[in-house]
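>
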């Protein structure tokens, strides 16, 4: 099974740059997209609906903001479009983030594939506080999932570089959102305590394997980047990754697609 995740930073912009032509050639079973920055009625063109894929869009209430999508060659058995529905915990805090279009889940038998867009805190303290609120809800949710029978591949832009190997300038970014000690500790807990698997790192331990680059200066040309796009697996899926790569031959946004092949 091949799964692709890509933050497009605007699905219409990425479409003009050839993303969908590229996507249909990848032999992917599921493609998870984040930051569509569009409303469903703006995506009626056939470009956004490749004939070989079923698709679902979850928009933010605020136009031109956030939004996620999922494309699947096989029609899912079930689609879940909110964290409130996915969590079953009744927490009122999910409403804030569901209004922002941050989650869509496709279920295939016992396997769930999720397209997730975790909040960024880089624009200021108010947004960082929103990110903390999200993590405070999401952590216990993931702990519960790890203890269940359903298997998850949680794809998307997590807006956290986990370890020093995942960011070029780690020393100068230790006080910046996305590489704060508390954010990295969240990822530690997820992997070390709950047993989740960072699919890319299961097969590739090389340095400088980034998925996002600032548009400032020559960050992309000089590969001064961050690895913040992941496919995170349920503990029971450990050992299932056969191949992983970051696609950099052509740019569709400030993120690069992450392609992972699985033996399931």
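Residue numbers (the numbering used here): 54 to 317. Glycine is no exception: its CB is placed at the ideal position from the N, C-alpha and C atoms. Keep in mind it's a predicted model, so treat the numbers as computed, not measured.
1. Tell me the DSSP bridge mates of residue 157?
2. Determine the direct distance from the alpha carbon of residue 59 to that of residue 300, and round the result to whole angstroms.
3. Going by DSSP, what residue range makes up the beta strand (DSSP E) through residue 231?
4. If distances are taken between C-alpha atoms only, which option among 241, 121 and 277 comes closest to residue 223?
5. Is the stretch 115-134 touching the stretch 176-187 in the sense that three or more CB pairs, one from each, lie closer than 8 Å?
6. With DSSP run on the structure shown, which of helix, strand or coil describes residue 107?
7. What span of residues does the alpha helix (DSSP H) with residue 285 cover, start to end?
8. Can you give me the C-alpha to C-alpha distance between residue 218 and residue 259, rounded to a whole angstrom?
9. For the beta strand (DSSP E) that residue 349 lies in, which residues bound it at each end?
10. Taking the alpha carbon of residue 230 as the reference point, which residue from 114, 212, 156 and 87 has its own alpha carbon closest?
11. Can you give the beta carbon distance from residue 139 to residue 156, rounded, assuming they're within the 8 Å contact cut?
12. So which of 247, 90 and 206 has the shortest CA-CA distance to residue 160?
13. Using the C-alpha atoms, what's the distance from residue 141 back to residue 275?
14. So who's on the other strand from residue 336, going by DSSP bridges?
15. Return the residue from the list 232, 244, 291 and 210 that minimises the CA-CA distance to residue 282.
16. Starting from residue 256, trace the alpha helix (DSSP H) both ways and give me its first and last residue.
17. Residues in its own chain within less than 7 Å of residue 266 by CB, not counting five upstream and five downstream?
18. If you follow the beta strand (DSSP E) that residue 209 is part of, which residue opens it and which one closes it?
19. Compute the Euclidean distance between the alpha carbons of residue 153 and residue 170, then round it to the nearest angstrom.
20. Using C-beta distances below 6 Å, list every residue in its chain close to residue 257, excluding the 5 sequence neighbours before and after it, in chain order.
21. Based on the DSSP secondary-structure assignment, which residues constitute the bridge partners of residue 213?
Per the coordinate set shown:
1. Position 104 of the chain shown, counted from the start, is the residue given in the question as residue 157. Looking at the DSSP output, residue 157 shares a beta bridge with 168.
2. Here residue 300 is taken as the residue at index 247 of the chain shown, counted from 1. Here residue 59 is taken as the residue at index 6 of the chain shown, counted from 1. Taken atom to atom, the span from the alpha-carbon of residue 300 to that of residue 59 is near 10 Å.
3. As a first step, residue 231 is located in the chain shown; it is residue number 178 there, counting from the start. The continuous stretches of beta strand (DSSP E) do not include residue 231, and DSSP gives it neither H nor E.
4. Here residue 223 refers to the residue found at position 170 when the chain shown is read from its first residue. When each option's Cα is compared against that of residue 223, the closest is 277.
5. Proximity of the stretch 176-187 to the stretch 115-134 falls short of the contact definition, fewer than three beta-carbon pairs being nearer than 8 Å.
6. Counted from its first residue, the chain shown places residue 107 at position 54. DSSP places residue 107 in strand when its eight states are reduced to three.
7. Within the chain shown, the letter at position 232 stands for residue 285. Element bounds for residue 285: not the alpha helix (DSSP H) but the beta strand (DSSP E), 282-286.
8. Indexing the chain shown from 1 puts residue 218 at position 165. Indexing the chain shown from 1 puts residue 259 at position 206. Each residue's alpha carbon lies about 8 Å from the other.
9. Examination of residue 349 is not possible in this model, given that the chain is present from 54 through 317 alone.
10. Reading the chain shown from its first residue, position 177 is the one you call residue 230. Residue 230 has its Cα closest to that of 212, out of 114, 212, 156 and 87.
11. In the chain shown, counting from the first residue as 1, residue 139 sits at position 86. In the chain shown, counting from the first residue as 1, residue 156 sits at position 103. A Cβ-Cβ separation of about 7 Å places residue 139 in contact with residue 156 under the 8 Å criterion.
12. Start at 1 with the first residue of the chain shown, and residue 160 comes out as number 107. It is 206.
13. In the chain shown, the residue the question calls residue 275 occupies position 222. In the chain shown, the residue the question calls residue 141 occupies position 88. The straight-line gap from Cα to Cα measures roughly 45 Å.
14. No answer is possible for residue 336: it lies beyond the span of the chain, which begins at 54 and ends at 317.
15. On the chain shown, position 229 is the one that residue 282 refers to. Closest in alpha carbon position to residue 282, among 232, 244, 291 and 210, is 210.
16. On the chain shown, residue 256 is found 203 positions in, with the first residue counted as 1. For residue 256, the enclosing alpha helix (DSSP H) covers residues 252-256.
17. Here the question's residue 266 lines up with position 213 in the chain shown. Hits under 7 Å: 272, 273, 277, 278 and 307.
18. For the purposes of this step, residue 209 is taken as residue 156 along the chain shown, with counting starting at 1. Start and end: 204-210.
19. Taking the chain shown and counting its residues from 1, one reaches residue 153 at position 100. Taking the chain shown and counting its residues from 1, one reaches residue 170 at position 117. Their Cα atoms are separated by approximately 9 Å.
20. On the chain shown, residue 257 is found 204 positions in, with the first residue counted as 1. Annotation for residue 257: 297 place their beta carbon closer than 6 Å to its own, counting only its chain and skipping 5 residues before and after.
21. Indexing the chain shown from 1 puts residue 213 at position 160. Listed as beta-bridge partners of residue 213 by DSSP are no residues whatsoever.
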